[in-house]
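Asks: Quick one: the structure is below, questions incoming.
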């Protein structure tokens, strides 16, 4: 008697569930699948709270998941999801638990059409978290909107630090596709540039130049790391200009006008009033 | 590749409850066409156990052949395919073993007349036909959203799980785990599973014991299924990819 479709579906689901026998965790629900693993919401019976449990996908090496857990544990930053626990389950699969992040993925956040400044601030926070990792010698290698969560208060959390992964085609830097290619922080800068392009469907010329600079084919032609990119975005938010774009004199004047419009209007009013007073007081 | 912990006694059912795991990994392809007689036999049995039913059902559905015709074609295909001229042409760089098998079946059936004549002459490796349930074939074919490639993949997955269940049964009986097996069969192998409470009442157990029995059976089933995937694929990378697809819920 062959297994029916319903039985097959149930068996697939049943054997994929992590075996939580003899652990402090109880199964709640499936959250999703990421690099190397499946993530479930589980209840921590000791601390009486829900946490996220990432368990190794069938066919992947346990060492990689535990090495991911160790890497993330070294990165204590508000923009990086903290790891709580790690180990091996009764079914032999490696796992680690981490903070259960409430919020939406960055791609869903974009669909809510936030303002340009909100998008740039979220992007800047993302750059800040990645810059911190770069300062600790860690490269993400698979940055994409699906690996970034935006919380209800605008907090940004980067997930899936699956060290050694090959990246996702659209976001992958050219050097990641080369056998033995030297993959460093510039690969993350490339992915950040592609993410920024997704965040800004119609970028201004300076922002377009910034994106082009971040996604240059040659890693040496990009921003050196996420910190440089972060500074460039901050410069844009402060002044409207970026180092990657040389403005014409007209654009400089126009930007000066936009940035100082109230002051210039006041000054113009002052000149007009003074001129009127001058004409009125003339004998 | 884990060894089977159960003392094995061969029977005539291909991939049946007493089928042994192949003892070596890396390539079922190399072993199935190699010079080592024992390894070649084991690899071919493993291959036939994993592929006979998917191929048979695929021929019935895609090529619209009757029951006996499809059995004969499956037999003839496997006889010809399990050789250096068939399986030996597999190139892992060009796709998975499963895809290669499916494409090869298409090529073979499209030359049906040639296959029929070879079947009459007989081949070097004979496989026993496995009875199948025609109603099941018709039900699956009725799904218009499933491509033939997906269909073949799903039938392969179904067979891998069926073999895993057979392995679990053999292991449970040999280990004195008849009760966990019975609970598992009563819950996970039926279309409408009863509640844990109803199972506990039926088997005179506590709900916690039911939970533990199911956890044990699923853990062991997972192990056996992965071992079957490992044995029926051509490389570790392909095994990992097939295993991921096997557990990926749509």
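Residue numbers (this note's numbering), protein chains in the order written: chain V, 1 to 283; chain G, 1001 to 1250. C-beta atoms are modelled at their ideal positions from N, C-alpha and C, and glycine is treated no differently.
1) Considering only the beta carbon of each residue, do residue 245(V) and residue 198(V) sit closer than 8 angstroms?
2) Would residue 52(V) pass as a contact of residue 41(V) if the rule is Cβ separation under 8 angstroms?
3) Mind checking who residue 105(V) pairs with in its DSSP beta bridge?
4) Can the beta-carbon of residue 1203(G) be found closer than 8 angstroms to that of residue 1217(G)?
5) Quick one: which unbroken alpha helix (DSSP H) runs of 4-plus residues sit fully inside the segment 76-126 of chain V? Chain order, please.
6) Listed in chain order, which residues of the segment 1181-1194 of chain G have Cβ atoms closer than 8 angstroms to some Cβ of chain V?
7) Quick one: list the residues of chain V neighbouring residue 1222(G), beta-carbon separation under 7 angstroms, in chain order.
8) Which of the three DSSP states, helix, strand or coil, is assigned to residue 4(V)?
9) With respect to the alpha helix (DSSP H) encompassing residue 1029(G), which residues constitute its N-terminal and C-terminal limits?
10) Tell me whether the segment 3-10 of chain V and the segment 1157-1177 of chain G touch, counting them as touching only if at least three CB pairs, one residue from each stretch, are closer than 8 angstroms.
11) List the residues that DSSP assigns as beta-bridge partners of residue 25(V).
12) In three-state DSSP terms, what is residue 193(V)?
13) If residue 22(V) and residue 90(V) are in contact, beta carbons under 8 angstroms, what's the gap, nearest whole angstrom?
14) Inspect the beta-carbon positions of residue 143(V) and residue 200(V) and report whether they are closer than 8 angstroms.
15) From which residue to which residue does the alpha helix (DSSP H) around residue 1225(G) run?
16) Go to residue 50(V), then tell me how far its alpha helix (DSSP H) extends in each direction, as first and last residue.
17) Can you give me the C-alpha to C-alpha distance between residue 1191(G) and residue 55(V), rounded to a whole angstrom?
18) How many whole angstroms separate the CB atoms of residue 1176(G) and residue 1221(G), which I take to be in contact at a CB cut-off of 8 angstroms?
19) Return helix, strand or coil for residue 1202(G), following the three-state DSSP convention.
20) At the 8 angstroms Cβ level, is residue 32(V) part of the contact set with chain G, yes or no?
21) Run through DSSP, which three-state label would residue 215(V) get?
22) Which of helix, strand or coil does DSSP assign to residue 1057(G)?
23) What are the start and end residues of the beta strand (DSSP E) that includes residue 156(V)?
24) For residue 1207(G) and residue 27(V), what's the separation of their Cα atoms in angstroms?
25) Just the C-alpha distance for residue 15(V) and residue 32(V), rounded to the nearest angstrom, thanks.
26) So which residues of chain G does residue 142(V) contact, with C-beta pairs closer than 9 angstroms?
27) What is the DSSP secondary structure of residue 20(V), reduced to helix, strand or coil?
28) Could you check the C-alpha separation between residue 991(G) and residue 1043(G) for me, to the nearest Å?
29) Of the choices 93(V), 259(V) and 248(V), whose alpha-carbon is the least far from that of residue 236(V)?
30) In whole angstroms, what separates the C-alpha of residue 1061(G) from that of residue 1228(G)?
31) Please decide whether residue 1225(G) counts as near chain V, where near means a Cβ-Cβ distance under 8 angstroms.
32) Please work out which residues of its chain come closer than 7 angstroms, Cβ to Cβ, to residue 216(V), disregarding the five sequence neighbours upstream and downstream, and give them in chain order.
33) Contact check, residue 156(V) vs residue 125(V) under 8 angstroms by CB: the rounded distance?
34) Just verifying my parser: in three-state terms, what is the DSSP assignment at residue 199(V)?
35) Can you grab the Cα-Cα spacing for the pair residue 1076(G) / residue 1027(G), in whole Å?
36) With a cut-off of 8 angstroms on the beta carbons, I'd call residue 1074(G) and residue 1055(G) a contact; round off their distance for me.
Replies: Based on what the coordinates show:
1) Cβ atoms of residue 245(V) and residue 198(V): not closer than 8 angstroms.
2) Going by beta carbons, residue 52(V) and residue 41(V) fall inside the 8 angstroms limit.
3) Answer by DSSP bridge pairing, in chain order: 149(V).
4) No, the pair does not count as a contact, with Cβ atoms beyond the cut-off.
5) The qualifying runs are 106-111.
6) Correct list: 1188, 1189, 1190, 1191 and 1193.
7) Listed by position along chain V, the residues whose Cβ is nearer than 7 angstroms to that of residue 1222(G) are 15 and 91.
8) Three-state result, residue 4(V): coil.
9) Counting along the chain, the alpha helix (DSSP H) containing residue 1029(G) begins and ends at 1028-1032.
10) Between the segment 3-10 of chain V and the segment 1157-1177 of chain G there are three or more inter-stretch CB-CB distances shorter than 8 angstroms, so the stretches are counted as touching.
11) For residue 25(V), which the question treats as bridged, DSSP gives the partners 44(V).
12) It is helical.
13) Correct: roughly 6 angstroms between the Cβ atoms.
14) No, Cβ-Cβ distance for residue 143(V) and residue 200(V) is not below 8 angstroms.
15) For residue 1225(G), the enclosing alpha helix (DSSP H) has its first and last residue at 1207-1231.
16) Not the alpha helix (DSSP H): residue 50(V) falls in the beta strand (DSSP E), residues 49-56.
17) Per the coordinates, the alpha-carbon of residue 1191(G) lies some 28 angstroms from the alpha-carbon of residue 55(V).
18) Actually they do not touch by this definition, with Cβ atoms about 18 angstroms apart.
19) Three-state result, residue 1202(G): helix.
20) For residue 32(V), the nearest beta carbon of chain G is not closer than 8 angstroms to its own beta carbon.
21) Under the three-state reduction of DSSP, residue 215(V) is assigned to coil, being neither helix nor strand.
22) DSSP, reduced to helix, strand and coil, places residue 1057(G) within a helical segment of the structure shown.
23) Its beta strand (DSSP E) spans residues 156-158.
24) One alpha carbon belongs to residue 1207(G), the other to residue 27(V), and they sit about 16 angstroms apart.
25) If you take the alpha carbons of residue 15(V) and residue 32(V), they lie about 16 angstroms apart.
26) What residue 142(V) touches in chain G: nothing, since even the nearest Cβ is about 16 angstroms away.
27) In the structure shown, residue 20(V) sits in coil (DSSP, three-state: anything other than H, G, I, E or B).
28) Since the first and last residues shown for chain G are 1001 and 1250, residue 991(G) lies out of range.
29) If we check each option's Cα against that of residue 236(V), 259(V) comes out closest.
30) Straight-line Cα distance between these residues: approximately 25 angstroms.
31) Output row for residue 1225(G): interface = yes.
32) Hits under 7 angstroms: 222.
33) The C-beta distance from residue 156(V) to residue 125(V) rounds to 4 angstroms, short enough to fall under 8 angstroms.
34) Helix, per DSSP.
35) Their backbone Cα atoms lie some 23 angstroms apart in a straight line.
36) Their Cβ separation, rounded to whole angstroms, is 5 angstroms, which keeps residue 1074(G) and residue 1055(G) in contact under 8 angstroms.
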